[in-house]
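Enquirer:
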Amino acid sequence: MSPPLDHQLTDWRNHALKLENEVKKVIVGQDKAIRLMNIAIFARGHVLLEGGVGVGKTTLLQSIARCIGGAYERIEGTVDLMPNDLIYHTYLGEDGRPKIDEGPLLRAGENLSVFFFNEINRARPQVHALMLRVMAERHISAFKKEYRLPHMVVFADRNQVEKNETFEIPSAARDRFMMEIPIEIPEDRELRKSLMFNVKFQHAENLTKQVESNVLQFDQLNQFSDTLQSHIKSSPTLEDYAIDLWESTQSPAKFGIKMDSVDVNRLVHTGASPRGMGMLLKAARVNAWLMNRDSLYPEDIHAVFHELIAHRLVFNSMYENRRTQLAREFTTQILNTVAVPAQAKAA
Amino acid sequence: MKNFKTKCYVLLGMFAIFNGAIAQESKISEAKIISVINPLQSHNIQVGDVLSRKIILDVKAPYQLSLQTLPMKGVRHDDVELSQISITQSASKEGVQYNIDLRYQVFSAVFVPSVLQLPAERFALTGGPQALSVNLPAWKFWFSPLAPKGMTKARENMHMQFKPTQIDLQQHKNKLIVFTGILIVGLLGLVYINADKRWLPFMNGAFAKAHRKLKKLPKNAEGEKQALSDMHQAFNQLHGSNLFANELNIFLTKHPAFVKLTKEIEAFFEQSNQALFAQKTQSSDQLMADLMVLSRRLRDCERGV
């Protein structure tokens, strides 16, 4: 017999907040990213991480994987990486005969909870295709049987600055990721000093071991996520607001959205997708739950809006080089301009 | 000798004047007219009319009014006859108060309007070391004949019209201007604080508009939603973009005039979230009343009052 819903919600919330606190012990200056990743875990969404080299993405992921429990696998994106490298690898056994073993994607089987694809945009589109299919379907056929990966969450990293020998992830593929979370170097001078001079940050492996393991039960996250999603309610006013936000990504001029640096009508080629908006609401519900509410507020949508929407927008090609900066400005303008409650509808 | 007589007369005269001055002072200190009530009307008095004067006189002990020297009933001065005199008195430790009622009847038979008077009277006091008296001044009035003599033209009976003496009104005018100025400034102040209209500068602020709109809304669910919407619109307009609860600190930093209402603003956002997004049922009447009060207070902050 399962415990009452209220107890479940409270119990899981306490665990979720504990996960954040555990990770914050070893990762400094990334509170927002940690909260967003926590949201993604409970919304069961895959995450793109954007950030430079050496900002602590791997340590962050390993810490989170340790808290979630289950298996953590990782693969590096390179230009010669092929899809089969994810499925199997070959080697010579002790007896000198070639052997085939399961690759990183299959090795842990159903226990796989976090799969980290480092520098995904260095891999070829064939690899993207396989990866994105697994992300969507969470199962794959290999070695004449079906491998189920029901608890897997993919965290993929891409470097937006360096473009040589990279393959841009197409918009349809980006759309599969729930969020793109920027991992930035902390601006606080004291934090930077700490990162430089505090020796504890110099040994990532030791650092990760300080995080309590198995804070969550990874194999129950799917079920609890469904419970959580059906528990958080949204009012008609909020639904109208969400629709307005969606339409504003498609026809920004209709909502009076203006940008300083570009003509907004020429900027956007395609707005957010229905799947993207569905994911937005899913993530917003998790935020509402973390804030100990049972109703969605606009603030819940705002908390995840940029990270949910920015990577889904398709800009006209002339603006793609400035995507990061323009997407931030565009989503900020949408939130600043689209009114809630909408005036015309309220009247 | 003749010279001596002349000097004696001069000395006697000076003594008499000196003595009179002492008597005058004694009048003031020993007896005092408390009030004189003359007839109400000093014109249009005709033959046969009875006019009354009432005098209240205080006489300090040991002096008292000499009843033997009172004006005599039936005495006539210039066609005005004393027809009745009555005196009542009330004694106290300090002296006696006399209520003297004099009634005069007019017997003038002139045919033209003329000035007559109730005569001056002198009330002698006895019982003290000095001979004192209290003088009642005459009271003039216009006598109007019942009919002119013979058949004459009206013009002959007309009197020259005198221009009345003008009172200096400049001081009153100045006061009137000052007080009118204060009144206008006060009224403008009151209007500025209380008026909902937009015909004064700085009266068309975001919250002034919201308050005006709120007053016209019905107290039901629709009105409630519109009221919340109007309030949010006012906040958004002032903030320059959408304002949400988590940005209140920024808003208050930009607009310090509203800092004193921080708690109320936070409560509004919570109330709004509850009503619009949590769908918690609340009393529309109460919510609307709260919003009216809040919008008015925010409007006052906006106007700096």
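If you read the protein sequences in the order shown, they are chains A and B.
For the first sequence, the residue numbers in the numbering used here are 910 to 1256.
For the second sequence, the residue numbers in the numbering used here are 454 to 758.
Beta carbons: idealized from backbone N, C-alpha and C, even for Gly.
1. In the DSSP assignment, what residue or residues form a beta bridge with P1091(A)?
2. Listing by chain order, which chain B residues have their CB less than 9 Å from the CB of A1248(A)?
3. Under a Cβ-count criterion, where at least 16 other Cβ atoms within 10 Å of its own Cβ denotes burial, should H1215(A) be classed as buried or exposed?
4. List the whole-angstrom C-beta distance separating L589(B) from Y557(B), where the pair is believed to meet the contact cut-off of C-beta under 8 Å.
5. Could you have a look at E675(B) and say whether DSSP puts it in helix, strand or coil?
6. Counting Cβ pairs closer than 8 Å, one from the region 992-1007 of chain A and one from the region 1090-1101 of chain A, do we hit at least three?
7. Taking only beta-carbon atoms, is R1232(A) less than 9 Å away from chain B?
8. Looking only at its chain, what residues have a beta carbon closer than 7 Å to the beta carbon of E1028(A), apart from the 5 residues adjacent to it on each side?
9. Between the region 959-975 of chain A and chain B, which residues of the former have a C-beta closer than 7 Å to a C-beta of the latter?
10. Please list the partners that K669(B) has in chain A, where partner means a Cβ-to-Cβ separation under 7 Å.
11. Does any residue of chain A have a CB that is nearer than 9 Å to the CB of Q732(B)?
12. If I follow the unbroken alpha helix (DSSP H) through H1037(A), where does it start and stop?
13. Helix, strand or coil: how does DSSP classify S1050(A) here?
14. Looking only at its chain, what residues have a beta carbon closer than 8 Å to the beta carbon of R750(B), apart from the 5 residues adjacent to it on each side?
15. Excluding five sequence neighbours on each side, which residues of the same chain lie with their C-beta closer than 7 Å to the C-beta of S748(B)?
16. Quick check on H1215(A) - is its C-beta less than 9 Å from some C-beta in chain B?
17. Write down every uninterrupted run of the alpha helix (DSSP H) in the region 986-1012 of chain A whose length is 4 residues or greater and which is fully enclosed by it, in chain order.
18. Mind checking whether I936(A) and T968(A) have CB atoms under 9 Å apart?
19. Taking C-alpha atoms, which residue in A577(B), K672(B), N552(B) and G581(B) lies nearest to P524(B)?
20. Kindly provide the ranges of any beta strand (DSSP E) runs that are 3 or more residues long and lie completely inside the region 1130-1214 of chain A, ordered along the chain.
21. Can you give me the Cβ contacts of M1186(A) inside the same chain, cut-off strictly under 6 Å, excluding the 5 residues immediately before and after it?
22. Of all the CB atoms in chain B, is at least one closer than 9 Å to the CB of L853(A)?
23. Taking 9 Å as the CB-CB limit, is L729(B) close to chain A?
24. On the three-state DSSP scale, how would you describe L621(B)?
25. Going along the chain, which residues of its own chain have a beta-carbon closer than 6 Å to the beta-carbon of R983(A), five neighbours each way excluded?
26. Who are the near neighbours of L1041(A) in its chain, counting only those whose CB is closer than 6 Å to its CB and skipping five residues on each side?
27. Under 8 Å Cβ to Cβ from S1144(A), same chain only, skipping five residues before and after it: list those, please.
28. Compare the beta carbon distance of V1124(A) and V1062(A) with 9 Å and say whether it is the shorter of the two.
29. Taking the alpha-carbon positions, what's the L1058(A) to S972(A) distance?
30. What would DSSP say about E1096(A), mapped onto helix, strand or coil?
31. Put S737(B) into one of helix, strand or coil per three-state DSSP.
32. So, for A1113(A): in the same chain, excluding its five sequence neighbours on each side, which residues have a beta-carbon less than 6 Å away from its beta-carbon?
33. Start and end of the alpha helix (DSSP H) containing L585(B)?
34. I believe N702(B) touches N695(B) by the beta-carbon criterion, under 8 Å. Please report the beta-carbon distance rounded to the nearest angstrom.
35. Going by the CB atoms, is the gap between W592(B) and V568(B) shorter than 9 Å?
36. Give the residues of chain B in contact with L1147(A), contact being defined as C-beta atoms less than 9 Å apart.
Expert: Let's see:
1. E959(A)
2. S682, H685, Q686, N689 and N695
3. With 16 or more neighbouring CB atoms inside 10 Å of its own CB, H1215(A) falls in the buried class.
4. In fact, because the Cβ distance is near 12 Å, the residues do not count as touching under 8 Å.
5. DSSP places E675(B) in helix when its eight states are reduced to three.
6. no
7. No, R1232(A) lies away from the interface with chain B (no Cβ there is under 9 Å from its Cβ).
8. E985, G986, D1066, R1067 and N1068, listed in sequence order.
9. The residues in question: there are none.
10. The contacting residues do not exist; K669(B) stays about 12 Å from chain A at best.
11. Cβ-Cβ to chain A under 9 Å: yes for Q732(B).
12. P1034 to E1046
13. strand
14. Hits under 8 Å: L714 and E717.
15. Counting only Cβ-Cβ distances below 7 Å, and skipping sequence neighbours, we find F660, A663, H664, L667 and M684.
16. no
17. The qualifying runs are 992-996.
18. yes
19. A577(B)
20. 1177-1179
21. W1155
22. Because chain A spans 910 through 1256 in this model, residue 853(A) falls outside it and cannot be assessed.
23. yes
24. The residue asked about is misnamed: residue 621(B) is Asp in this sequence, not Leu. D621(B) falls in the coil class under three-state DSSP.
25. Around R983(A): F1025.
26. A1082 and R1085
27. Apart from sequence neighbours up to five positions away, the residues of its chain that approach S1144(A) with a beta-carbon distance below 8 Å are S1204 and L1205, ordered along the chain.
28. no
29. Whole-angstrom Cα-Cα distance: 21 Å.
30. Coil at E1096(A), not helix or strand.
31. helix
32. If we look at A1113(A) and ignore the five residues flanking it on each side, its Cβ neighbours are T968.
33. Looking at the DSSP string, L585(B) is not in any alpha helix (DSSP H); the run it does join, the beta strand (DSSP E), is L585 to L589.
34. About 15 Å separates the two Cβ atoms, so there is no contact after all.
35. No. Outside cutoff.
36. L729 and F730
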